[in-house]
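In this note's numbering, the protein residues as written are 7 to 262.
Structure (structure tokens):
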């Protein structure tokens, strides 16, 4: 899909290796819905949720590392699936999808960002994931395993071979092809795993996904904060000298 970006629709591809089939749904362009029409934003959100629920692995293709659109999308996904569709119990009963972060069009200059301290982008990505103060809260409720890889800038020879259907010819080799091959091997080497919902089961959830049209993420977050505040006031009262005294009432290690 990097050669044929379809930012206004969805492309479905089918692949098979060693008797194992993969159905690939390309929803490229979801991160660019912001700023477009309200109808386009609604449609892309609904498509994102349906794709997530019916997939065993999600790939995010980006030119940056943990970009703002990516973090915003994770926030939206977590709120929709956990808070709006109320699927927390279903998520706990089944294995969550894998997540692969693909940094694309990486140049030699871009590699300087990590090459002096890390042997590969994968090591660099793991380090960021382990030290980012927000990522664990966003990732862990909706994905079981995360990993990162990078793809270099493709050449005109890569493009010519692809258009001539010779890209996977054993006689052709390139740095870009090698990295793409590693990514494909990673996908096919994974354990066989069912998605959270089969296509048949997804039909039962589609009516609820369609209702996301009326959902506003910011209002939803504000409402949650308001409910917490109201709960605090009702339980412990509002007559405190300062905010610190409220915080000190709670034990951070208490699950209650």
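Note that the Cβ used here is the ideal one computed from N, Cα and C, for glycine as well.
From residue 97 to residue 148, what does the alpha carbon distance come to, in whole angstroms? The straight-line gap from Cα to Cα measures roughly 8 Å.
Closest by C-alpha distance to residue 65, when choosing among 86, 120 and 31: It is 31 whose Cα lies nearest to the Cα of residue 65.
Check this for me: beta carbons of residue 108 and residue 67, under 7 Å apart or not? Yes, these two residues count as a Cβ contact at 7 Å.
Neighbourhood of residue 93 by C-beta distance below 7 Å, restricted to the same chain and skipping five residues each side: The answer, listed in chain order, is 87.
Just curious, the beta strand (DSSP E) that residue 60 is in, first and last residue? Premise fails: residue 60 is in no beta strand (DSSP E) and is neither H nor E.
So the beta strand (DSSP E) residue 112 belongs to, where does it begin and stop? Per DSSP, residue 112 is one residue of the beta strand (DSSP E) stretching across 104 to 112.
For residue 159, count the other beta carbons within 10 Å of its own beta carbon; 16 or more makes it buried, fewer makes it exposed. Which is it? It is exposed - the Cβ of residue 159 has fewer than 16 other Cβ atoms within 10 Å.
Can you have a look at residue 113 and say buried or exposed, based on whether 16 or more other CB atoms are within 10 angstroms of its CB? Counting Cβ neighbours within 10 Å, residue 113 comes out exposed, since fewer than 16 surround it.
Status (buried if at least 16 other CB within 10 Å, exposed otherwise) for residue 200: A residue is called buried once 16 or more other Cβ atoms fall within 10 Å of its Cβ, and residue 200, having fewer, is exposed.
Quick check: the stretch 50 to 62 against the stretch 121 to 134, are at least 3 beta-carbon pairs closer than 8 Å? With a cut-off of 8 Å on Cβ pairs, the stretch 121 to 134 is not in contact with the stretch 50 to 62, counting fewer than three such pairs.
Do you know offhand how far residue 139's Cα is from residue 172's? Between the alpha carbons of residue 139 and residue 172 lies a distance of about 44 Å.
Could you tell me which of 106, 170, 111 and 204 sits nearest to residue 181, measuring between CA atoms? In terms of Cα proximity to residue 181, the closest of 106, 170, 111 and 204 is 111.
Could you give the C-beta distance for residue 151 and residue 105, rounded to a whole number, given that I count them as a contact under 8 Å? Between residue 105 and residue 151 the Cβ distance is about 7 Å, and since that is below 8 Å, they are a contact.
On the DSSP letters alone, give me the boundaries of the alpha helix (DSSP H) that residue 213 sits inside. It spans 205 to 216 - the alpha helix (DSSP H) in which residue 213 sits, taken as one unbroken run.
Taking buried to mean at least 16 other C-beta atoms within 10 Å of its own C-beta, is residue 291 buried or exposed? This structure cannot speak to residue 291, because the chain is shown only from 7 to 262.
So, with DSSP's three-state summary, where would you put residue 22? Looking at residue 22 - three-state DSSP - the assignment turns out to be strand.
Applying the criterion that 16 or more other CB atoms from any shown protein chain within 10 Å of the CB defines a buried residue, is residue 205 buried or exposed? Around the beta-carbon of residue 205, fewer than 16 other beta-carbon atoms lie within 10 Å, marking it exposed.
CA-CA distance, residue 72 and residue 81? Going from the Cα of residue 72 to the Cα of residue 81 covers about 13 Å.
Output the boundary residues of the alpha helix (DSSP H) element that contains residue 75. It spans 74 to 84 - the alpha helix (DSSP H) in which residue 75 sits, taken as one unbroken run.
Would you grab the beta carbon distance between residue 188 and residue 155 for me? Rounded to a whole angstrom, and I think it's under 8 Å. Taking 8 Å as the upper bound for CB-CB distance, residue 188 and residue 155 are in contact here, some 7 Å apart.
Any idea if residue 129 is buried or exposed, counting beta-carbon neighbours within 10 angstroms, 16 or more meaning buried? So residue 129 counts as exposed.
Could you check how far apart the C-beta atoms of residue 29 and residue 54 are, in whole angstroms? I think they sit under 8 Å. Not a contact, Cβ separation roughly 17 Å.
Please report the straight-line C-alpha distance between residue 89 and residue 240, rounded to a whole angstrom. Residue 89 and residue 240 have their C-alpha atoms some 23 Å from each other.
When the Cα of residue 230 is compared with those of 162, 117 and 85, which residue comes out closest? Residue 230 has its Cα closest to that of 85, out of 162, 117 and 85.
Confirm, please, whether the CB-CB distance from residue 215 to residue 78 is below 7 Å. With contacts defined by Cβ atoms closer than 7 Å, residue 78 and residue 215 do not form a contacting pair.
Mark residue 210 as exposed unless 16 or more other C-beta atoms lie within 10 angstroms of its C-beta, in which case mark it buried. The C-beta of residue 210 has fewer than 16 other C-beta atoms within 10 Å across all chains shown, which makes the residue exposed.
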